[in-house]
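So the protein lines, in turn, are chains A and B.
Sequential numbering of the first sequence, starting at 1, is according to our numbering.
Sequential numbering of the second sequence, starting at 1001, is according to our numbering.
Cβ coordinates follow ideal geometry from the N, Cα and C atoms, glycine included.
From a predicted model like this one, the values you see are computed outputs, not experimental measurements.
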Amino acid sequence: MNSHPVLIRNARLIDPATGKTEQGSIAIRDGVIAALGAGIDADAAPEGTTLIDAKGMVVAPGLIDLRAFVGEPGHEHRETLASASRAAAAGGVTTVVTMPDTHPPVDDPAVVDFLMRRARDTACVRMLPAAALTKGLQGREMTEFGLLGEAGAVFFTDARHAVDDPLVMRRALTYARDFDALIVQHVEDKRLAGGVMNEGELASRLGLSGIPREAETLMLERDIRLARLTGGRYHAAMISCADSVEIIRRAKQSGLPVTCGVSINSLTLNENDIGPYRSFLKLTPPLRHEDDRQAVVAGLAEGVIDVVVSDHDPQDVEAKRQPFAECADGAIGLQTLLSAGLRLVHAGEMSLARLLAALSSHPADLLRLPQGRLARGAPADLILFDPDEPFVLDPADLHSLCRNTAFDGARLQGVVHMSMVAGRIVHRPEPQA
Amino acid sequence: MLLDLADEAVDISRQVEKKKTTLRGRTQINLFFEASTRTQSSFELAGKRLGADVMNMAVASSSIKKGETLIDTAMTLNAMRPDLIVVRHHAAGAVQLLARKVDCSVINAGDGAHEHPTQALLDALTIRRNKGQIRGLIVAICGDILHSRVARSNLILLNALGAEVRVVGPSTLLPSGLERMGCKVFTSMREGLKDADIVMMLRLQRERMNGSFVPSVKEYFHYYGLDSEKLAYAKADALVMHPGPMNRGVEIASDIADGAQSLIREQVEMGVAVRMAILEALAAHLPNEG
């Protein structure tokens, strides 16, 4: 099925792994990139090759999202592997890491095996399970990093829960080292967080309880010291404020195996977007002040922040149609990840190659995946998109089973015209003209 | 030396007439603050075979439970004028503390995660009797090194006797600074057991196997339990040891524990012999007038 050869011509090829951009063609055979560059002769393509004219649009590696919540198993009404994969394909995301707080949670190799099989049978993009860091996501006893990893778990995290107990975190980081496992932490001290939005003037005006930045920075500082003690590979799932950028910068300067991510929401929105108590913008970590947003954007542009995640978190109507303080956290984001990210490029805040690196080659390097790069022999996980094409987001166009988008009605630029996984086209809307 | 003396004790123990009179008239107190089957009974047998009057202190029903301090217990026992006290205690350093407060000889039968010297000596005796010598052998000590007094004593003794000592275990069960204690440290059985002559397994206590130090018995056995596949990484004539008590299916597979390469039962026999040798050696230095 995958052996059908494809040749994409007249493309602007961007390889985020090397930062190289060139005009040319890319040939796909047997699910991998067979050749790319300016000198590829279309006439030499083997018989039966599908020819695609990119019309000067960008061809880049498919995006890799390290953080998406899917309701399968247990909450299939919110999202299934199939529906999440369609949203991902439409947004140019070809590898999705799913969070382990399902029912049952992903703390047993059998559940990892189930997810791998379900994804293979029902999903149109690569869906890779993250496993729980502690049993039942309870924060007390670590899971079987070895057996879960062999089953296919790509990293270990308690998803939206932080591992609170420093002894548990110390042991987990120590044990993880033997298996070269990656520990991913949700950096938020729940007891200190307390509130429902960023602490500050706006929260006070709105009469909402605040979440101080220290709820994030204290946990982050502690974890980095534990990473230094143990030598384990540590990744902060999402940082949201200026102080955290500095903490990560220092950790990296001292050579620690520490990396971090940032949510697309923290990069492109701030607390003012909450406006009249918009519950779709109630997020964890909360949207911060504009100064913090600019700091994380700068951190990403400099490479202090490694990856950008969608933090795709489908919540049904019952959970979101509540007063701001009482509604569930989270917003979907797979389908809008690229176009929201392009806001930063159009605003001149970073280069397209830099953005794409944080969305493909960096997460691939973190997980040691072969995709996420335009190179001969790499898996043909590719997207074709026009970074400038404008549109207004209509929630009806979203493939997710839930519609809690932070970009409802937003004016965005960047339309994905094709997504390909292992040489197979998984998204290609009918051309308008 | 001690191991030669122990070789003689093996012969005595294998005779029908097992009694000697070296310790006749002497009083040996076995003071065990921590439950023990083989160490306590082998010290008892060793003492009796040498003719001593052996008293086992049942600590559970003694004054310790009534709140007496360790030093007061030591002073009380000292007043009874024993010649030898054998002590097992759950706290590292307790034996040293006690030894400073009494006038007689004190034998450490295991103190916390610090040392268990008589176990190391019986292990050395077992190895020497089977391999002819200890110098040049590769000995891999595997499992819960962190909590193991057996590992620490063996590290010291086997190094002194010229073996190459390795330790193998998950990082959560390896104490820090281990690599500066005279051994090579491994976290993979495949690498740690390569070319080993002796594979010494350690007990993993139940409270440590469910998520605190290792995630589960299943995962521990998969990566660190000695089965035929992992034993095959060692030399073909490698021998398997375990200080006991074993958790079959946790740190060691049943067929290996009972297999042709296992020295586990012989270790118990050597335990009596080594303790006889130790008591005899001490007897030579006991004062002859009170």
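Using three-state DSSP, classify residue i as helix, strand or coil.
i, result
"Ser1306(B)", "Lying outside 1001 to 1290, the shown extent of chain B, residue 1306(B) is not represented and no answer is given."
"Ile425(A)", "strand"
"Leu401(A)", "coil"
"Leu1003(B)", "helix"
"Lys1018(B)", "coil"
"Lys252(A)", "helix"
"Ser1036(B)", "coil"
"Pro1170(B)", "coil"
"Thr1027(B)", "strand"
"Met1055(B)", "strand"
"Ala433(A)", "Note that Ala433(A) has pLDDT 49, beneath the 50 cutoff, so the model's placement of it is unreliable and the number below is only indicative. Note: Ala433(A) maps to coil in three-state DSSP."
"Asp53(A)", "strand"
"Thr284(A)", "coil"
"Glu1280(B)", "helix"
"Asp386(A)", "strand"
"Ala1046(B)", "helix"
"Arg1180(B)", "helix"
"Arg86(A)", "helix"
"Leu334(A)", "coil"
"Gly37(A)", "strand"
"Leu269(A)", "coil"
"Arg78(A)", "coil"
"Leu220(A)", "helix"
"Phe458(A)", "What the structure shows of chain A is the stretch from 1 to 433, and residue 458(A) is not part of that stretch, so it cannot be assessed."
"Glu1164(B)", "strand"
"Val70(A)", "coil"
"Val1268(B)", "helix"
"Val415(A)", "strand"
"Arg1275(B)", "helix"
So with Cβ pairs under 7 Å, would you call residue i a contact of chain E?
i, result
"Leu226(A)", "The structure shown contains no chain E; its protein chains are A and B."
With DSSP as the reference, please indicate the residues paired to residue i in a beta bridge.
i, result
"Gly210(A)", "Met197(A)"
"Ala131(A)", "Phe156(A)"
"Ala11(A)", "Gly24(A)"
"Gln371(A)", "BP columns for Gln371(A) are empty, so no partner."
"Asp65(A)", "Val96(A)"
"Ile1252(B)", "Leu1226(B), Arg1248(B)"
"Cys260(A)", "Ala236(A)"
"Met142(A)", "Thr134(A)"
"Met420(A)", "Leu382(A), Ile425(A)"
"Ser1262(B)", "Val1240(B)"
"Ala60(A)", "Ile383(A)"
"Arg29(A)", "Val32(A)"
Please tell me whether, using a cut-off of 6 Å, the distance from the CB of residue i to the nearest non-hydrogen atom of the ligand HEM is below it.
i, result
"Val1185(B)", "For the structure depicted, the ligand HEM is absent and the ligand set is empty, with no information on it obtainable."
What does a CB cutoff of less than 8 Å around residue i pick up in its chain, not counting 5 residues either side in sequence?
i, result
"Gly1112(B)", "His1089, His1090, Ala1091, Ala1092, Gly1093, Ala1094, Arg1149"
"Ile1182(B)", "Checking the sequence, you will find Gly at residue 1182(B) rather than Ile. Excluding sequence neighbours, Gly1182(B) sits near Leu1155, Ile1156, Asn1159, Val1165."
"Lys1131(B)", "Leu1137, Asp1197, Ile1198, Leu1239"
"Thr1126(B)", "Met1241, Leu1263, Glu1266, Gln1267, Met1270"
Quick one: residues in its chain with C-beta nearer than 7 Å to the C-beta of residue i, no 5 flanking neighbours on either side, listed in chain order?
i, result
"Gly56(A)", "Asn10, Arg12"
"Leu1005(B)", "Ala1277, Glu1280, Ala1281"
"Asp53(A)", "Arg9, Asn10"
"Gly91(A)", "Leu334, Gln335, Thr336, Leu337, Leu338, Val416"
"Leu1045(B)", "Val1272"
"Phe422(A)", "For the sequence presented, residue 422(A) should be read as Ala rather than Phe. Once the five neighbours on either side are set aside, the close Cβ partners of Ala422(A) are Asn2, Gly31, Pro379, Ala380, Asp381."
"Phe440(A)", "Only positions 1 to 433 of chain A appear in this structure, which leaves residue 440(A) out of reach."
"Ser419(A)", "Gly62, Ala89, Gly92, Thr94, Ile383, Val426, His427"
"Arg1128(B)", "Leu1003, Ile1134"
Residues in its own chain within less than 6 Å of residue i by CB, not counting five upstream and five downstream?
i, result
"Met1200(B)", "Ile1141, Met1241"
"Asn1056(B)", "Asn1030"
"Pro1117(B)", "Asn1108, Ser1153"
"Leu950(B)", "Nothing about residue 950(B) can be read from this structure; chain B reaches only from 1001 to 1290."
- Item | Inter-stretch contact at 8 Å, needing at least 3 Cβ pairs: the stretch 1024–1035 of chain B / the stretch 1079–1095 of chain B | yes
- Item | Runs of alpha helix (DSSP H) wholly within the stretch 1184–1229 of chain B (minimum 4 residues, chain order) | 1189–1192, 1217–1224
- Item | Contiguous alpha helix (DSSP H) assignments of at least 4 residues, all confined to the stretch 166–195 of chain A | 166–178, 190–193
- Query: Could you give the uninterrupted runs of the beta strand (DSSP E) lying entirely in the stretch 291–324 of chain A, keeping only those of 3 residues or more?
  - Reply: 307–309
- Message: With three or more beta-carbon pairs closer than 8 Å as the criterion, would you say the stretch 382–389 of chain A touches the stretch 49–64 of chain A?
- Response: yes
- Task: Mind listing, in chain order, the continuous alpha helix (DSSP H) runs of no fewer than 4 residues lying wholly within the stretch 1080–1157 of chain B?
- Result: 1094–1101, 1117–1131
- Task: Assess, as a yes-or-no matter, whether the stretch 1234–1245 of chain B is touched by the stretch 1161–1169 of chain B under the definition of 3 or more beta carbon pairs within less than 8 Å.
- Result: no
- Item | contact_flag[the stretch 170–186 of chain A, the stretch 222–240 of chain A] where n(CB pairs < 8 Å) is 3 or more | The answer is yes - the stretch 222–240 of chain A touches the stretch 170–186 of chain A, with three or more Cβ pairs under 8 Å.
- Do three or more CB pairs link the stretch 100–119 of chain A to the stretch 406–414 of chain A at distances below 8 Å? no
- Given 8 Å as the limit, is there contact between the stretch 370–379 of chain A and the stretch 304–313 of chain A, that is, 3 or more CB pairs closer than that? Touching, no, given that fewer than three Cβ pairs across the two stretches are closer than 8 Å.
- Between the stretch 188–204 of chain A and the stretch 148–165 of chain A, do at least 3 Cβ pairs fall closer than 8 Å? Segments in contact, yes.
- Is it a yes or a no for the stretch 1007–1017 of chain B touching the stretch 394–406 of chain A, going by three-plus beta-carbon pairs under 8 Å? no
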